[in-house]
Amino acid sequence: MISVLSKLESLRIGQLLPALIRISGNHSLFPWSRSVSSTAINEKQTLNTPDQAKSIHEMPGYGAWTAFYWLVLKGYLLKSHEMQLMNKKKYGPIWKTTIGRLKTISVADAALIEQVLRNEGKYPSRGDNREWKEYRILRGLENGPVLKEGEDWHKLRAVLNQKILKPTEAKLFDKSINEVVTDLIKRIQFVRDTKGSGSMVYDLTNEMYCFSFEGVSSVVLESRLGCLEPSIPKETQDFINSVGTMFRMFTIILALPKWTRSVLPFWNKYIQAWDTMFNFAKDKVDQRLTDIQAKLQGTEPVEGNYLTYLLSCDKLSQSEIYSSITELLLAGVDTTSNTISWAIYHLARNQELQKAVYKEVISVSPEDQIPTAQDLDKMPLVKAVVREVLRLYPVVPENARILETDIVLGDYHIPSQVLLVMCHYASSVDPSQFSQPLKFKPERWLKKQEILKPHPFSSIPFGYGVRGCIGRRIAELEMYLALSRLVKQFEIRTDPQEKEVTPMTRLLIVPGSPINLQFHDRNP
7 MISVLSKLES LRIGQLLPAL IRISGNHSLF PWSRSVSSTA INEKQTLNTP DQAKSIHEMP
67 GYGAWTAFYW LVLKGYLLKS HEMQLMNKKK YGPIWKTTIG RLKTISVADA ALIEQVLRNE
127 GKYPSRGDNR EWKEYRILRG LENGPVLKEG EDWHKLRAVL NQKILKPTEA KLFDKSINEV
187 VTDLIKRIQF VRDTKGSGSM VYDLTNEMYC FSFEGVSSVV LESRLGCLEP SIPKETQDFI
247 NSVGTMFRMF TIILALPKWT RSVLPFWNKY IQAWDTMFNF AKDKVDQRLT DIQAKLQGTE
307 PVEGNYLTYL LSCDKLSQSE IYSSITELLL AGVDTTSNTI SWAIYHLARN QELQKAVYKE
367 VISVSPEDQI PTAQDLDKMP LVKAVVREVL RLYPVVPENA RILETDIVLG DYHIPSQVLL
427 VMCHYASSVD PSQFSQPLKF KPERWLKKQE ILKPHPFSSI PFGYGVRGCI GRRIAELEMY
487 LALSRLVKQF EIRTDPQEKE VTPMTRLLIV PGSPINLQFH DRNP
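For reference, each letter of the sequence shown is one residue, going 7 to 530 in our numbering.
Shown next, in the form of structure tokens:
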């Protein structure tokens, strides 16, 4: 099983090559820049710049063929996060990429990133995804939180944020998440005993994906899907398979003209995959709605969490709920699965650090006690490990904004409607912000341990402001509970045949090879 959004590796390839080969106004290096084609800036356009600010024409950068050379011929397509560092060293903290008439402006400095985000306005825009929207139009469905824009997005997000984004509300999910963590521990024991000669767990990220998908489902759907069982239920496996099919077909249809949709099979398979995902979510939502109605008719009290809240708040249409649940299931696993995998990998490689984490956990939650959300407040080292992973391997290495007003960034006047790409990886490993920036040092996040105080926007793995990650608090709760309990249960060691695992970019930053580790039960 592969991480849902990690399947976007092929998406990047599928969109990049038509852009670099055709060099037309309809495609660009970055998938989201298509949405600004109508407002693209001509290189010779005269700008009304403030005094002493330079125009985009004077900004350093590169074009399509240079991008093709480095990304494709030199192999940086799967390590484009490293290309951020190369470009910053060559061009400075801000540069442009020009594909035909289109430009994207890359920003790789914490202070400049802060300036962009503080000027994003009430309704931040990240661009468009017309192919996803086409499916909704075809089936008469509403857009969810990923696709809505403007005031409609703001209203939807205001409802979805309740019960899930506030720290006090998110802590109430610790019981259901701990049940999933218990099953994860059983799953690891089963896998190592049946497939790993009693100790080895191969491809840990795959197991963490199962945990993450099960965890987000337990919160969003208020039900379990069986991802951690020896045999996954058919409907759950169909949903997972459809996610993979959707992304593969998405890649292909992006590279093909529209007229091929009625001739070639890819568009129909794309639609069928979305149908399977929406039908899965719809069945779960309808089932919960039926349960609620039955209890109300029988005068029984209705108890529940997130889905129950969405169904009973009377602020969303049924279609909005279906779309929101589907999109939350799609996007709710990657931060958790990749981050826990990296955290455990580094603890296995640093036994002293692992012992320190273990001592912290058992001091707060001794013997057979299961850590709770309240206990986590007394585990600063556990939180520091996670925070350092998110700094060194930000799941989303870059993000985008389209501003509604002009802005002066550094020395340059940037007109409105230009796509600004914020290079979060480059800012999170900036040596001016972090000592030994490429070294894993969780202690840098502990009080009185680090003299250098980094810029607050140097590492923002969950984004910023109203368009920040909606599942942040749940993801943090999952990561802290899983990490603390795994370290408490197992002594984790490296693979005797270990080769260093390095990151790669598949739109997200993910392990470049399988993480294989030994899990030994700790002595009681």
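C-beta: ideal position from N, C-alpha, C; glycine also.
Taking the alpha-carbon of Thr508 as reference, which of Ile298, Lys445 and Pro239 has the nearest alpha-carbon? Stepping through the sequence shown from its first residue, residue 508 is reached at position 502. Among Ile298, Lys445 and Pro239, the Cα nearest to that of Thr508 belongs to Lys445.
For Pro377 and Lys264, I'd like the C-alpha separation in whole angstroms. Within the sequence shown, residue 377 is the residue found at index 371, counting from 1. Within the sequence shown, residue 264 is the residue found at index 258, counting from 1. Between Pro377 and Lys264, the C-alpha separation is close to 53 Å.
Between Val507 and chain C, is any beta-carbon pair separated by less than 8 Å? Judged by its chain identifiers, the structure shown contains no chain C, having just a single protein chain.
Distance CB(Ala287)-CB(Thr332) smaller than 8 Å: Working through the sequence shown from its first residue, we reach residue 287 at position 281. Working through the sequence shown from its first residue, we reach residue 332 at position 326. Going by C-beta atoms, Ala287 is nearer than 8 Å to Thr332.
Taking Asp544 as the reference, give the member of Val113, Phe496 and Thr282 with the closest Cα. Since the first and last residues shown for the chain are 7 and 530, residue 544 lies out of range.
Are the beta-carbon atoms of Leu313 and Glu228 separated by less than 8 Å? In the sequence shown, counting from the first residue as 1, residue 313 sits at position 307. In the sequence shown, counting from the first residue as 1, residue 228 sits at position 222. Yes, the Cβ-Cβ distance between Leu313 and Glu228 is below 8 Å.
Please state the DSSP three-state secondary structure of Ser441. By 1-based counting over the sequence shown, the position of residue 441 is 435. Three-state DSSP puts Ser441 in coil, outside helix and strand.
Would you decide whether Ala300 is buried or exposed? Buried here means 16 or more other CB atoms lie within 10 Å of its CB. The residue labelled residue 300 in the question sits at position 294 within the sequence shown. The residue is exposed, with fewer than 16 neighbouring Cβ atoms inside 10 Å.
Given Ala117, which residues of its chain have a CB within under 8 Å of its CB, disregarding the five upstream and five downstream residues? Start at 1 with the first residue of the sequence shown, and residue 117 comes out as number 111. Cβ neighbours of Ala117 beyond the five flanking positions: His461 and Phe463.
Just reading off the beta strand (DSSP E) that Ile413 is part of, what are its end residues? If you number the sequence shown from 1, residue 413 lands on position 407. Run containing Ile413: Ile413 to Leu415, per the beta strand (DSSP E) assignment.
Assign Arg499 to one of three DSSP states: helix, strand, or coil. Position 493 of the sequence shown, counted from the start, is the residue given in the question as residue 499. Reduced to three states, the DSSP call for Arg499 is strand.
So which of Val472, Arg267 and Ile191 has the shortest CA-CA distance to Gly127? Working through the sequence shown from its first residue, we reach residue 127 at position 121. For the residues Val472, Arg267 and Ile191, the minimum Cα distance to Gly127 belongs to Val472.
At 4 residues or longer, what runs of the alpha helix (DSSP H) sit wholly inside the segment 374-422? 379-382 and 386-398
Tell me, please, whether the segment 205-214 touches the segment 516-526 by the rule of three or more beta-carbon pairs shorter than 8 Å. yes
Opening and closing residue of the beta strand (DSSP E) in which His526 lies: As a position in the sequence shown, residue 526 is number 520, starting the count at 1. Looking at the DSSP string, the run of the beta strand (DSSP E) that includes His526 is Leu523 to Asp527.
Lys505 by DSSP, collapsed to three states: which one? Position 499 of the sequence shown, counted from the first residue, corresponds to residue 505. Of the three classes helix, strand and coil, the one that applies to Lys505 here is coil, per DSSP.
Spatial neighbours of Ser30 within its chain, please: C-beta separation below 6 Å, excluding the five flanking residues on both sides. In the sequence shown, residue 30 corresponds to position 24, counting from 1. Unreliable positioning characterises Ser30 in this predicted model, as indicated by a pLDDT of 32, which lies under 50. The coordinate reading is nonetheless provided below. If we look at Ser30 and ignore the five residues flanking it on each side, its Cβ neighbours are Gly106.
Using 10 angstroms around the beta-carbon of Asp189, count the other beta-carbons present and answer buried if the total reaches 16, otherwise exposed. Reading the sequence shown from its first residue, position 183 is the one you call residue 189. Counting Cβ neighbours within 10 Å, Asp189 comes out buried, since at least 16 surround it.
Considering only the alpha carbon of each residue, which of Glu506, Pro502 and Thr345 lies closest to Arg393? Stepping through the sequence shown from its first residue, residue 393 is reached at position 387. It is Thr345 whose Cα lies nearest to the Cα of Arg393.
Can you find the residues in the same chain that come closer than 6 Å, C-beta to C-beta, to Ser203, ignoring five residues on each side of it along the sequence? Stepping through the sequence shown from its first residue, residue 203 is reached at position 197. Counting only Cβ-Cβ distances below 6 Å, and skipping sequence neighbours, we find nothing.
Since Val367 is in the beta strand (DSSP E), which residue starts that stretch and which ends it? By 1-based counting over the sequence shown, the position of residue 367 is 361. Element bounds for Val367: not the beta strand (DSSP E) but the alpha helix (DSSP H), Gln357 to Val370.
Which residues mark the beginning and the end of the beta strand (DSSP E) in which Tyr68 is found? Position 62 of the sequence shown, counted from the first residue, corresponds to residue 68. Its beta strand (DSSP E) spans residues Gly67 to Gly69.
CA-CA distance, Arg491 and Tyr97? As a working note, residue 491 is residue 485 in the sequence shown. As a working note, residue 97 is residue 91 in the sequence shown. Between Arg491 and Tyr97, the C-alpha separation is close to 45 Å.
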